[in-house]
Structure formats: structure tokens, C-alpha cells
Amino acid sequence: MEKWAIMLLTGLFLGAAFLIGSPAVKAMVNGKKQVMLTFDDGPHPDYTLRILDILDQHQVKAIFFVVGQEVDHNTTIVEEIHQRGHLLGNHTYSHRNVTTIPRETLLEELAATDALIENITGYNPAFFRPPRGDYNIDTELILAETGHSMLMWDACLERLDLNKSRQAVDTLLRRTAWKTNLVLLLHDGDPSGRHSRQITVDALPLLIEELRVRNYQFIDPTSPSGAAFIAAYIEAGSSQWYREPRFWAGSMVLLASLPVIALRRKAFRQSARQC
-17 MEKWAIMLLT GLFLGAAFLI GSPAVKAMVN GKKQVMLTFD DGPHPDYTLR
33 ILDILDQHQV KAIFFVVGQE VDHNTTIVEE IHQRGHLLGN HTYSHRNVTT
83 IPRETLLEEL AATDALIENI TGYNPAFFRP PRGDYNIDTE LILAETGHSM
133 LMWDACLERL DLNKSRQAVD TLLRRTAWKT NLVLLLHDGD PSGRHSRQIT
183 VDALPLLIEE LRVRNYQFID PTSPSGAAFI AAYIEAGSSQ WYREPRFWAG
233 SMVLLASLPV IALRRKAFRQ SARQC
């Protein structure tokens, strides 16, 4: 291969590595393996209480992103979440897609859910998670105005194509094997009433045990170290790497290198046949 081609390929791959390898993401890698559990869409009168018992048995703390309309019907369970030492976050009041509702409606939903949580626990939730992970620049501007920090995730336990707890756990662990700092999404409720969360209840003890076997330390989001972990995670944006322009730019550079590789391989084969 000619020197120019080697230099071009080297430059393309180095450029891709630079673009994809965001410094903020690299800063997350500190030699430790850490994981934080988060639960969305509750509280639920059955699933949430059983999940709380499992977390107690395994001495794990979590963040529960609650839906305001569900809180209205299950205030004692929200109080139970708080009393057992877990953190509560805002997951809107109605669980609608925040990108499709007016600004004023989102502001009202945030304020209503905040007020419910504060009336029960005495503190105003700092963290917000959009239903189904859908948000846009307007959402971010509104959150900046209201003082909420958006906390996303790396992978979700529940998937429609998985109906066994062992299968769900194994799939989740395979998808996140390369990550040293994890925020995992699980569900303790369903405002639509369409989905059972039994698989979550069944899989949770196994997931905790498997993560510990892999030397992950569980983050307590209510602790100072937990607050530092969350702040670094949000800043890194590692749970939403596919939204990061660096990723797409790096991917385009890598794709651009493929024709060069193909051309050089064809040239090599032609020269080999001439020998």
C-alpha cells in the first residue's frame, strides 16, 4: 500500500477516535465499576412495594421517577419510598410525550408533580426524566428555567421481546459489558395499564447479584458520592451518546474510510494476480 494511503487511513481513524472519544465521557472512567438503579412510571400499589423489599434485602438504594397522577393515588407508597432512603424524581404528571405538549402544559406538569413529592417528603425533586426518553431543545430550556437536571440512562431491563427474567438480565448485561459507570432503567409501574412489571420483580434480585459478581459498586443517590456520580454522569451525557454530534461526525469519518480500504484491497488483488 502506498504511503499516501497509509497516511490517509491513519488520519481518518485518528480523527474518528478523537470525535467519538469525548473528553467528558473519558472522564467517567476512573477505574471503578459503578452502577445506579432507577425506576420509572410508578408508584404502583403492588410492584413498587415488592421492589422496595428486594432493594432492602440487598441493601441497594435507587431513584424512583414517579408520575404525578400515580402519586395522587398512592401517596403512602411515595412516603414509603422516601422513608426507606431512596430518592424521588419527577417523571411528569400525565406521562405524555413532552415534545408534543405546549410549554405551559409541561411547566404545569413539572410544578404539580414537584408539589406532590414535596408535600410528602419535604424536599423538591432535583432530577427529571422524560417519558420514553423523548425530549428536545425546548424541553432542556424549560428544565433550565425550572432548575431540574435531566437524568437519562444507559440501558433498560424490560423489552417487549423478552419475557423471562434470566433472559432479560443476560441481555442487559451483554449490552452494557463495556461500561464502567452505569445508570440502569427499570420500571415499577405503568400508567397505561398495558404492561405487567412482574418480570422486573423476578429479575431484580438476579440483576443485583450478577452486577456484584462483576464487581460493580451500587451508588446511593442520596449520598454525597452519589450526588457526585450523578453530576458527572449528566455532564458526560454517556446515556445519550447517540444524540452527541461527535458520535455522528466520528461515524461519518469511519464510513468515509471504507471506500478507501475497498479500493486499496482491489488494487492489491489486481497486483497479486499480475505476479
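Its first residue numbered -17, the sequence shown is counted upward by one per residue in this note's numbering.
Just so it is clear, CB atoms sit at the ideal spot from N, CA and C, and this is done for glycine as well.
Take the Cβ of residue i as the centre, count every other Cβ of all protein chains shown within 10 Å, and call the residue buried at 16 or more, exposed below.
i, result
"TRP135", "buried"
"ASN56", "buried"
"LYS14", "exposed"
"THR58", "exposed"
"LEU142", "exposed"
"THR332", "In the structure displayed, the chain extends from -17 to 257; residue 332 sits before or after that span and is not available."
"ASP96", "buried"
Could you give the distance in angstroms between the alpha-carbon of residue i and the alpha-carbon of residue j?
i, j, result
"ILE33", "THR121", "30 angstroms"
"ARG111", "VAL80", "10 angstroms"
"PHE109", "LEU139", "21 angstroms"
"PRO27", "PHE46", "14 angstroms"
"VAL49", "ALA210", "25 angstroms"
"SER178", "LEU70", "22 angstroms"
"ASP38", "LEU89", "34 angstroms"
"ILE181", "LEU168", "10 angstroms"
"PRO25", "GLY171", "6 angstroms"
"ILE119", "LEU125", "10 angstroms"
"GLU226", "THR158", "Only weak support exists for where GLU226 lies, its pLDDT of 45 falling under 50; the value from the coordinates is given anyway. Computed Cα separation, rounded: 19 angstroms."
"GLY219", "MET18", "15 angstroms"
"GLY208", "GLN51", "28 angstroms"
"PRO84", "ASP23", "21 angstroms"
"GLU192", "LEU31", "22 angstroms"
Which residues does DSSP list as the beta-bridge partners of residue i?
i, result
"VAL165", "MET18"
"MET132", "PHE110"
"GLY24", "VAL48"
"GLN41", "DSSP lists no partner for GLN41."
"GLN180", "Its beta-bridge partners do not exist; DSSP assigns none."
"ALA97", "None; ALA97 has no bridge partner."
"ALA137", "LEU166"
Among the options, which one has its Cα closest to the Cα of residue i?
i, options, result
"PRO203", "ALA214, ARG78, ARG196", "ALA214"
"PHE21", "SER131, ILE216, ASN145, ALA137", "ALA137"
"PRO173", "GLN149, VAL60, THR87, PRO113", "PRO113"
"LEU188", "GLN51, HIS40, TYR75, ILE99", "HIS40"
"VAL165", "ASP116, MET132, LEU123", "MET132"
"GLU100", "ILE36, HIS64, GLY129", "HIS64"
"VAL151", "ARG176, LEU186, GLY129", "LEU186"
*Go through the stretch 46 to 75 residue by residue and report every complete run of the alpha helix (DSSP H) that reaches 4 residues or more, in order.*
Within the stretch 46 to 75, the alpha helix (DSSP H) runs of at least 4 residues that lie entirely inside it are, in chain order, 50 to 55, 57 to 65.
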